[in-house]
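Chains as they are written, first to last, in this note's numbering: chain C, 213 to 537; chain F, 99 to 404; chain H, 81 to 391; chain A, 79 to 604.
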Amino acid sequence: MAQRTLEVSHLNTSFFTERGEVKAVQDVSISVGKGQVVGIVGESGCGKSMIARSVMGLVKKPGKIVSGSITLEGKELTSLSEKELCKVRGRDVSMVFQEPMTSLNPTMRVGKQVQEVIAIHESLPKEEARRRTLEMLSAVGIPEVEARYSAYPHELSGGLRQRVMIAMAMVMRPRLLIADEPTTALDATVETQIIALLKQLAKDGTSVLIISHNLGVIAQLADYVYVMYAGRIVEKGSVFELFDNPSHPYTHGLLGAVSSLRSQTKVLQTIPGVVPNLAHLPAGCSFAPRCKECMAKCGSEQPKLITVNSEHEVCCHLIEGADEL
Amino acid sequence: MDPSGNFDVTSMAEGELGLSSPSVTYEEPASVWHRLARDHKISIVSIVVILLFVLGAIFAPLLTPYEYDAVSLSERLMPPSPAHLFGTDEVGRDVLTRMFYGSRMSLLIGIIPTMLSMAIGTFVGMIAGYFGGKVDTIIMRIADIVMSFPSMLLAMVVVYTLGGGTFNVFLTMALVGWAGVARVVRSETLKLKESEYVEAARIMGVRRFRIIVRHILPNCLPTIIVLFTLDIPAAILTESSLSFLGMGVQPPSASWGLMVNAGRAFLYHAPWLCFAPCLAIMVIVLAFNYLGDGLRDVLDPHLQSQ
Amino acid sequence: MKGSKASNLLRRLLYALIAIVGVATLVFVLLRMVPGNPVATLLGEHADKETVERISSSLGLDKPLPVQFADYLLGALRGDFGVSLTLGKPVAELIGPAFVNTLWLALAAALVSWVVGIACGLAAAIHKSTIIDRLFMGFSLLGVSLPVFMVAMLLQYVFARYLHWLPVAGVTDWTGYILPAIALGWGSAGSIARLVRSSVIEVLQQDYIDTARAKGRTSTQILVLHALRNAMLPVITLMAMQFSGLLSGAFITETIFSINGIGRLAVQAITGRDIPLLQATTLLCTFVIVMGNLVADLLYNVCDPRVRKEA
Amino acid sequence: MLVAPLCGLLAQGCASQADRAKRGSVVTASATEMSTMDMAHNDSVYWAQLNIFDRLFETRMVDGQATVVNSLCTDYRRSEDGLTYDFTLREGVLFSNGDPLTSSDVCYSFSRLLTEAAANTEIPLQIKGGEALMKKEADRLEGFRIKDNTHFSIVLEAPNGGFIAELSSPAMSIVNERVTRTAKNFGKEPTETIGSGPYYAAEWVPNDHFTLRYNEHYWGEEPTVKEAVRRIIPDASTQDLMFQNGEMDIISLSEIDSLIVQRSYKTERASQIVHNQQIGMTFVALNETNRFLKDVRVRKAICMAIDVNDIVHNLMCDDGMRQNGIIPTGIWGHNDKLEGPPFDPDGARALLAEAGYHDGDVSFELALSSNGPQLLYETVSNQLSKIGVKANIKVYDKAAFMEKRLAGEVESFIGTWFMDYNDPANIMAVFFGSPERSKGRSICYPNVDIMQRVSAAKHIVDDERRKKEYQDLERKIVIEDRAWIPLYEGTRLFCTGDRVESFTPFWAGYEDFCVKDVVLKKEARA
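In structure tokens form, the structure reads like this:
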């Protein structure tokens with residue numbers, strides 16, 4: 213296999229609170245190839261964003277990467293010092309956040325905020341940096357860049373702001389772009405535009421890790437999908453395989469919760485119950501309490517990842533059981 | 099600086115541990131007390147301290163064998179001893195005894211004028227916010243006038259107009275304090291007025307008075323409670339400053355501010371006179387401030403920085 | 081846009097004017113409600129009733145109240161506040177130098193409170209929930225909990241009485257401003273520290289701080305380049321308002337340290353029932369506060385682009 | 079915390095405060111600023127009058143007895159009928175601006191008090207034609223006759239045995255006629271306020287400090303102090319600290335608690351303490367229009383319930399002297415044979431019972447002016463409570479208190495009267511000279527006959543007869559009518575700093591003193 217852009221293996225990230233350890237990410241392995249778009253999907257609070265933060269080295273204070281490795285083009289990131297990480301962030305790997313409204317500094321002109329990235333990683337003359345900034349801004353489809361350059365964030369629409377965020381992330385041409393719910397806060401038409409822009413970036417050779425709770429977005433963008441539940445990967449597979457042949461009851465549920473044009477049923481299915489408290493996970497499968505097909509074994513034993521086919525793996529006793537039969 | 103009214107009312111929201119995605123949601127919403135006990139242990143300590151002071155004030159006569167006004171010239175300025183734990187003052191009265199009695203006055207001064215100004219401020223603020231228009235303009239201009247008058251100076255002028263004495267000090271401090279409350283309550287009311295449920299109540303024909311009392315007031319309560327807790331120490335400090343300038347409570351009533359004022363002439367030669375009341379002021383003000391901070395975090399009212 | 085901005089400014093100015101005139105009226109009415117003729121105090125033990133009445137009428141204190149009020153307002157417009165009853169000089173001559181003294185004191189105190197307040201607040205915010213945070217915040221809460229006179233007396237005893245480093249009271253050279261500035265600045269340092277801390281902590285939780293980290297900024301750079309400016313917005317407002325507070329609220333500090341400033345003049349005017357002087361000092365203090373609020377508003381507008389454009 | 083190192087630096091930079099004192103200069107402080115240097119408009123702060131101006135006579139303390147001595151006047155003669163006085167002025171006296179002193183300056187100074195018609199009109203009003211001048215019916219003082227530059231005579235309306243003593247009152251200071259006539263701001267502008275005293279006003283920053291400098295033209299002996307700065311420090315404890323810190327050379331200890339003075343000053347600086355009897359009387363005034371206080375038995379009971387010895391011994395640490403009459407010790411005419419009632423609470427209770435009052439029946443207001451002696455009030459109120467008399471302390475603002483007192487409406491108060499000149503009239507006539515005066519002091523003494531006699535006593539020219547009459551009246555008022563409850567005469571303590579060799583306070587024990595009576599140590603002189 214050619215060298216992967218991002219290789220996360222057996223990552224464990226936890227929060228250490230007064231009331232004990234909260235395992236936000238458990239034994240997660242992810243791999244993103246060059247130019248590949250990989251999606252992570254799951255309900256909010258399942259630990260998706262923590263993976264992104266772990267990769268960026270941006271896990272906040274009581275949180276910590278406990279074990280596992282993260283390599284970017286073969287370079288181990290978890291062992292880097294904060295200073296070395298700073299050099300990686302923004303240059304080799306960058307990130308687009310969910311909220312374009314609040315992710316830009318309100319008291320700084322947007323052009324400056326983009327240009328800042330260049331200033332951090334390269335010593336370019338100001339004029340040159342400005343020129344590149346303007347180029348990048350128009351590359352992400354912002355009209356009248358000269359005027360926009362000196363605008364403040366609050367003067368821009370949500371879509372434009374997200375474009376600015378993307379420009380900021382892409383201005384150093386990083387190997388990997390992480391997009392954490394990049395379209396959640398946007399309305400549908402803008403969402404389509406942003407998705408198109410991300411697709412274009414991937415086509416141009418940037419690897420993209422996209423995180424969303426929105427299966428629609430994932431289906432449009434991703435080549436390969438990981439499904440996460442309560443800090444674990446419960447199912448993974450290529451986008452077609454997964455959507456056509458979901459094996460995990462949770463993935464079933466997720467798909468059922470999406471109204472699809474293809475769907476024949478009129479009634480939307482929902483997953484009963486809520487994401488469990490990560491501080492007090494059940495002993496067995498964490499989805500067991502909500503699972504319609506729960507068995508005795510599920511409550512006591514943690515299922516292992518089982519290969520369904522070359523493009524599809526799942527983590528469920530049901531599948532195991534099928535094998536045994 | 100002028101100690102009164104300078105407590106920044108900025109939200110000290112700390113954000114729960116910064117857990118952005120693995121949120122610890124879907125728990126039973128804990129009661130205010132539970133959350134105080136959990137996240138602000140010092141608030142609980144503060145409550146205990148305040149209660150102790152209140153008990154001391156109520157049961158003052160039982161706690162000490164001395165009269166608070168028993169002059170004994172032969173026992174002037176005696177240093178602390180087993181008979182007089184905090185020594186005696188400049189006319190031979192037991193300092194500890196006067197501390198107990200003084201806490202009555204100081205606590206009353208903290209609470210009564212603050213309650214008055216809260217009541218006036220809330221009423222006026224809700225009226226201004228709810229009715230808007232000319233009523234609002236007039237009320238807020240009056241509040242402006244009161245607020246542009248340096249509070250200490252206004253208090254001094256009013257005390258001098260009305261004359262010293264406990265009742266007048268109460269009145270003065272209420273007159274000085276209402277404007278700030280009115281402003282906050284007004285802006286809160288403005289926000290609530292636009293909310294869906296008030297809109298709904300209005301459409302259903304609920305009378306305005308009822309809307310104010312049943313819908314707006316309860317939602318202003320967290321804000322009012324926090325303001326109240328933070329205004330009490332401010333009032334105690336204002337009284338002590340007034341007393342320091344000789345314009346507060348008048349003798350032979352005892353208040354901590356008055357005791358400090360009398361004792362400051364002896365700070366160097368008989369420090370026990372100042373020490374006890376100063377400590378008391380400091381402790382009670384700290385306790386109320388900590389409690390206020392805790393309540394603010396827990397109740398999370400919408401207080402702006404101004 | 082420009083028109084609305086100008087009219088907004090005009091409206092604020094009008095409100096400020098209303099507040100000033102309102103205070104002037106309030107003071108006038110309050111002072112006329114007081115029993116007792118100020119002249120009696122002035123003339124002291126030896127004066128009899130007739131003398132008191134004769135002097136009162138020569139000072140115009142027996143004119144009808146509306147006439148006195150008109151005289152006072154017209155005089156104030158011309159900068160003529162009458163003659164001080166207790167100090168015997170035209171009030172304007174007394175207030176000028178006093179205001180200069182107060183201004184110096186306020187500047188020194190502001191310096192103390194800004195430096196100490198911002199430093200403590202920042203340190204506490206950066207080391208949030210550590211012992212440093214608790215220490216500094218306890219310290220600043222003490223700042224807002226200690227009556228100013230306690231701090232002042234403590235400073236006098238330690239630095240003047242025991243160590244003999246600084247004069248106890250009075251200003252003969254700049255060293256005379258050090259202790260009063262600390263005493264006066266202490267309280268507002270506390271509230272500034274608290275606001276800086278909460279503001280910085282809040283800003284550090286904002287998404288754009290994550291963005292900046294994702295760009296590769298180091299923590300220090302983020303603090304200086306992104307967090308501070310945003311965190312200082314509410315602080316600047318507070319500082320502007322507190323400065324006007326320092327300028328008009330140094331009653332106790334000026335009295336204890338015997339600084340001939342506006343605050344002490346006001347206290348003396350009240351105790352001496354010096355109506356002309358009291359009217360002038362209250363008017364001046366009010367003016368300062370109103371202007372302080374105005375400046376705070378304007379500063380906020382200048383510093384925050386969001387407000388700047390909306391106005 | 080940031081401050082400590084800064085101060086450390088400072089400490090190296092500046093030496094001890096005492097070492098910075100200027101040679102030949104003394105610094106003193108007071109809580110009260112003068113409103114003016116003009117004697118026609120001020121009578122509470124005498125700092126300017128005592129140092130910038132001279133009078134025809136001065137009162138000095140000689141062997142504990144106030145004595146009138148010559149000053150600008152070197153000789154005088156009184157006519158047989160006691161109406162006409164002939165004066166001779168000292169030769170060669172110059173004002174601080176170099177103008178010579180003449181009889182005309184004296185005439186102008188006295189007339190001016192009347193034409194200004196504000197404070198201190200009482201003494202010149204006795205001069206013939208004084209009333210007319212004050213009412214502007216005449217344009218000159220008829221009774222003042224100038225003979226030549228150094229000789230003049232004064233004719234009184236009625237004889238007054240204490241007239242010469244009265245002329246030594248600070249109010250009767252002599253001003254420079256030429257400068258004062260044309261002055262726009264006499265009394266307020268230092269350059270326009272010219273006297274012949276040992277000092278002239280060099281600088282006045284109201285509310286901050288007032289500087290006196292030596293007058294090179296002064297006729298008397300040259301003092302060692304060439305400059306005196308009087309700073310305004312409102313707070314007594316601040317003054318205490320400043321003195322201890324070497325920032326002041328002379329401090330009046332009267333505002334500092336006597337026990338503190340005893341424990342610190344009297345033990346640590348015993349040799350630097352200067353005692354000075356305050357020639358004045360502290361008394362309790364009871365308003366006889368009050369329904370309880372009009373009964374002489376109640377007044378006597380009150381008198382017996384106040385333990386003056388306890389107050390003098392414990393509250394004042396013996397810096398005072400019990401008084402039993404009206405005319406204080408040290409004043410001509412003082413009667414040391416008067417005896418007060420003994421301290422006898424039981425007897426007082428019995429008296430009250432006899433008057434038909436029981437515990438708590440008698441209740442009145444004890445009015446305290448906002449700057450009054452609070453401890454004394456609390457003590458007296460507490461002592462009275464022990465015989466079941468409720469004297470409720472009510473604090474009034476100074477002006478409100480004054481107005482109420484002048485209207486005769488204060489129920490009771492404790493006051494202190496300081497003497498301006500050495501004659502019983504200065505206290506007897508003030509309180510008991512007429513029904514109006516007595517009412518103005520809120521005593522409301524009803525005995526008109528006695529008051530007429532007090533008023534007339536002043537005109538008895540024969541000193542012995544006058545003294546006897548005053549003492550007679552004093553006995554009637556104090557012992558028989560109990561209309562005046564004497565407490566004590568205080569002692570004012572000053573403490574002098576290390577630079578002062580000796581210091582003599584003003585005879586009457588004012589806080590203000592004559593700077594020329596301060597002698598600096600050799601090393602501190604200019």
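Glycine included, C-beta positions come from ideal geometry on N, C-alpha and C.
Checklist line | DSSP beta-bridge partners of Met312 (chain H) | finding: Here residue 312 (chain H) refers to the residue found at position 232 of the third sequence. According to DSSP, which records beta bridges pairwise, Met312 (chain H) is partnered with nothing at all.
Next item on the list: Note down, in chain order, all residues in the stretch 102 to 121 of chain A with a beta-carbon under 7 Å from any beta-carbon belonging to chain B.
Entry: Looking for chain B here will not work: the only protein chains present are C, F, H and A.
Notebook entry, point to check: Does any CB atom of chain A fall closer than 8 Å to the CB of Pro260 (chain H)?
Noted result: In the third sequence, counting from the first residue as 1, residue 260 (chain H) sits at position 180. Closer than 8 Å: no.
Note to self: Contact criterion: CB-CB distance below 8 Å. Does Cys365 (chain H) meet it with respect to chain F?
What the structure shows: Here the question's residue 365 (chain H) lines up with position 285 in the third sequence. Closer than 8 Å: yes.
Check: Looking only at its own chain, which residues have a Cβ that is under 6 Å from the Cβ of Met313 (chain C), when we skip the five neighbours before and after it?
Finding: For the purposes of this step, residue 313 (chain C) is identified with residue 101 of the first sequence, where counting begins at 1. Correct list: empty, nothing qualifies.
Item checked: Through-space distance from Leu454 (chain C) to Lys272 (chain C), alpha-carbon basis -> Locating residue 272 (chain C) in the first sequence gives position 60, where the first residue counts as 1. Locating residue 454 (chain C) in the first sequence gives position 242, where the first residue counts as 1. In this structure, the alpha-carbon of Lys272 (chain C) lies about 32 Å from that of Leu454 (chain C).
Margin query: At the level of alpha carbons, what is the spacing between Lys225 (chain A) and Phe591 (chain A)?
Written below: Along the fourth sequence, one-based indexing puts residue 225 (chain A) at 147. Along the fourth sequence, one-based indexing puts residue 591 (chain A) at 513. Taking the straight line from one Cα to the other gives about 34 Å.
Note to self: Assuming Leu290 (chain A) is part of the beta strand (DSSP E), what are its boundary residues?
What the structure shows: On the fourth sequence, residue 290 (chain A) is found 212 positions in, with the first residue counted as 1. Where Leu290 (chain A) is concerned, the enclosing beta strand (DSSP E) stretches over 287 to 292.
Next item on the list: Anything in chain C within Cβ reach of Lys169 (chain H), meaning under 7 Å, just list it in chain order.
Entry: In the third sequence, residue 169 (chain H) corresponds to position 89, counting from 1. At a C-beta separation below 7 Å, Lys169 (chain H) has no neighbours in chain C, since its nearest C-beta there lies roughly 50 Å away.
Note to self: Distance check for Val283 (chain H) and Arg309 (chain H), CA to CA, integer angstroms please.
What the structure shows: Here residue 309 (chain H) refers to the residue found at position 229 when the third sequence is read from its first residue. Here residue 283 (chain H) refers to the residue found at position 203 when the third sequence is read from its first residue. For Arg309 (chain H) and Val283 (chain H), the distance between alpha carbons rounds to 10 Å.
Margin query: Would the stretch 329 to 345 of chain F count as touching the stretch 310 to 320 of chain F if we require 3 or more Cβ pairs under 8 Å?
Written below: As far as the Cβ criterion goes, the stretch 329 to 345 of chain F does not touch the stretch 310 to 320 of chain F, which means the pair count is below three.
Note to self: To be precise: take each residue of the stretch 170 to 186 of chain F, compare its Cβ to all Cβ atoms of chain A, and keep it if any distance is under 8 Å. Which residues remain?
What the structure shows: Cβ contacts with chain A come from Leu171, Ser172, Arg174, Leu175.
Check: Is it buried or exposed for Phe157 (chain F), if we count other Cβ within 10 angstroms and need 16 for buried?
Finding: Position 59 of the second sequence, counting from 1, holds the residue named residue 157 (chain F). Exposed, by the Cβ-count rule.
Notebook entry, point to check: Going by the beta-carbon positions, is the gap between Val279 (chain F) and Gly227 (chain F) smaller than 8 Å?
Noted result: By 1-based counting over the second sequence, the position of residue 279 (chain F) is 181. By 1-based counting over the second sequence, the position of residue 227 (chain F) is 129. The answer is no: Cβ separation not under 8 Å.
Checklist line | CA-to-CA distance, Ala311 (chain H) to Tyr380 (chain H), given in whole angstroms | finding: For the purposes of this step, residue 380 (chain H) is taken as the residue at position 300 of the third sequence. For the purposes of this step, residue 311 (chain H) is taken as the residue at position 231 of the third sequence. Separation of Tyr380 (chain H) and Ala311 (chain H) (C-alpha to C-alpha, rounded to the nearest whole angstrom) is 12 Å.
Checklist line | Secondary structure of Thr220 (chain F), DSSP reduced to three states | finding: For the purposes of this step, residue 220 (chain F) is taken as residue 122 along the second sequence, with counting starting at 1. Three-state DSSP puts Thr220 (chain F) in a helix.
Next item on the list: Mind listing the chain F neighbours of Arg241 (chain H)? Cutoff is C-beta to C-beta under 8 Å, in chain order.
Entry: Start at 1 with the first residue of the third sequence, and residue 241 (chain H) comes out as number 161. By Cβ distance, chain F contributes Tyr366.
Margin query: Taking the alpha carbon of Ser170 (chain F) as the reference point, which residue from F:Pro177, F:Glu188, F:Ile379 has its own alpha carbon closest?
Written below: Here residue 170 (chain F) refers to the residue found at position 72 of the second sequence. Nearest in C-alpha terms to Ser170 (chain F), of all of F:Pro177, F:Glu188, F:Ile379, is F:Glu188.
Checklist line | Ala368 (chain F), DSSP secondary structure in three states | finding: Taking the first residue of the second sequence as position 1, residue 368 (chain F) is located at position 270. Reduced to three states, the DSSP call for Ala368 (chain F) is coil.
Next item on the list: Could you list which residues in chain H have their beta carbon closer than 7 Å to that of Ser338 (chain F), in chain order?
Entry: Position 240 of the second sequence holds residue 338 (chain F). Under the 7 Å cutoff, chain H gives Pro227.
Next item on the list: Check the Cβ of Leu453 (chain A) against every Cβ in chain F and list those closer than 8 Å, keeping chain order.
Entry: Numbered from its first residue, the fourth sequence carries residue 453 (chain A) at position 375. Within chain F, the residues near Leu453 (chain A) are Glu188, Val189.
Next item on the list: Kindly indicate which residue of H:Gly168, H:Asn181, H:Gly155 has the alpha-carbon position closest to the one of Ile342 (chain H).
Entry: Working through the third sequence from its first residue, we reach residue 342 (chain H) at position 262. Ranking H:Gly168, H:Asn181, H:Gly155 by Cα distance to Ile342 (chain H) puts H:Asn181 first.
Item checked: N-terminal and C-terminal residue of the alpha helix (DSSP H) that Gly155 (chain H) is part of -> Translated into the one-based positions of the third sequence, residue 155 (chain H) becomes position 75. Following the DSSP letters along the chain, one finds Gly155 (chain H) inside the alpha helix (DSSP H) bounded by residues 145 to 157.
Item checked: Coil, strand or helix - Gln238 (chain C) by DSSP -> Residue mapping note: residue 238 (chain C) aligns to position 26 of the first sequence, counting from 1. Three-state result, Gln238 (chain C): strand.
Check: With burial defined as no fewer than 16 other Cβ atoms inside 10 Å of the residue's Cβ, what is the status of Ser291 (chain C): buried or exposed?
Finding: The residue labelled residue 291 (chain C) in the question sits at position 79 within the first sequence. Exposed, because fewer than 16 other Cβ atoms sit within 10 Å of the Cβ of Ser291 (chain C).
Checklist line | Cut-off 8 Å between Cβ atoms - residues of its own chain near Pro406 (chain A), not counting five sequence neighbours on either side | finding: The residue you call residue 406 (chain A) lines up with position 328 of the fourth sequence. Only Ile357, Gly358, Met359, His412, Met497, Ile505, Glu567 meet the Cβ criterion.
Notebook entry, point to check: Does the distance from the C-beta atom of Ala363 (chain C) to that of Met307 (chain C) stay below 8 Å?
Noted result: On the first sequence, residue 363 (chain C) is found 151 positions in, with the first residue counted as 1. On the first sequence, residue 307 (chain C) is found 95 positions in, with the first residue counted as 1. Going by C-beta atoms, Ala363 (chain C) is not nearer than 8 Å to Met307 (chain C).
Item checked: Other residues of its chain near Arg483 (chain A): CB distance less than 6 Å, five sequence neighbours each side excluded -> Position 405 of the fourth sequence, counted from the first residue, corresponds to residue 483 (chain A). Here the set comprises Ser520.
Notebook entry, point to check: What runs of the alpha helix (DSSP H), each 4 residues or longer, lie entirely inside the stretch 136 to 196 of chain F?
Noted result: Runs of the alpha helix (DSSP H) inside the stretch 136 to 196 of chain F: 139 to 156, 158 to 161.
Next item on the list: Locate the alpha helix (DSSP H) running through Arg281 (chain F), then write down its first and last residues.
Entry: Taking the first residue of the second sequence as position 1, residue 281 (chain F) is located at position 183. 264 to 291 is the span of the alpha helix (DSSP H), which, as asked, contains Arg281 (chain F).
Notebook entry, point to check: Thinking just about the alpha-carbon of each residue, which of F:Gly185, F:Gly219, F:Leu389, F:Ile314 is nearest to the one in Ser293 (chain F)?
Noted result: For the purposes of this step, residue 293 (chain F) is taken as the residue at position 195 of the second sequence. Scanning F:Gly185, F:Gly219, F:Leu389, F:Ile314 for the CA closest to the CA of Ser293 (chain F) turns up F:Ile314.
Item checked: Residue-chain proximity (Ala99 (chain H), chain F), Cβ-Cβ < 8 Å -> Counted from its first residue, the third sequence places residue 99 (chain H) at position 19. Chain F, which has a Cβ nearer than 8 Å to the Cβ of Ala99 (chain H), makes this yes.
Note to self: DSSP has Arg138 (chain A) in a bridge; who is on the other side?
What the structure shows: Here residue 138 (chain A) is taken as the residue at index 60 of the fourth sequence, counted from 1. Beta-bridge pairing by DSSP links Arg138 (chain A) to A:Thr145.
Notebook entry, point to check: Along chain H, which residues have their Cβ under 8 Å away from the Cβ of Thr259 (chain F)?
Noted result: The residue labelled residue 259 (chain F) in the question sits at position 161 within the second sequence. Those are Leu110, Leu111, Met113, Val114, listed as they occur along chain H.
Next item on the list: Could you list the residues in the stretch 135 to 167 of chain F with a C-beta less than 9 Å from some C-beta on chain A, going in chain order?
Entry: Within the stretch 135 to 167 of chain F, the residues whose Cβ lies closer than 9 Å to some Cβ of chain A are Asp167, listed in chain order.
Notebook entry, point to check: In whole angstroms, what is the alpha-carbon distance linking Ile389 (chain A) and Phe361 (chain A)?
Noted result: As a working note, residue 389 (chain A) is residue 311 in the fourth sequence. As a working note, residue 361 (chain A) is residue 283 in the fourth sequence. Just so you know, the alpha carbons of Ile389 (chain A) and Phe361 (chain A) end up roughly 13 Å apart.
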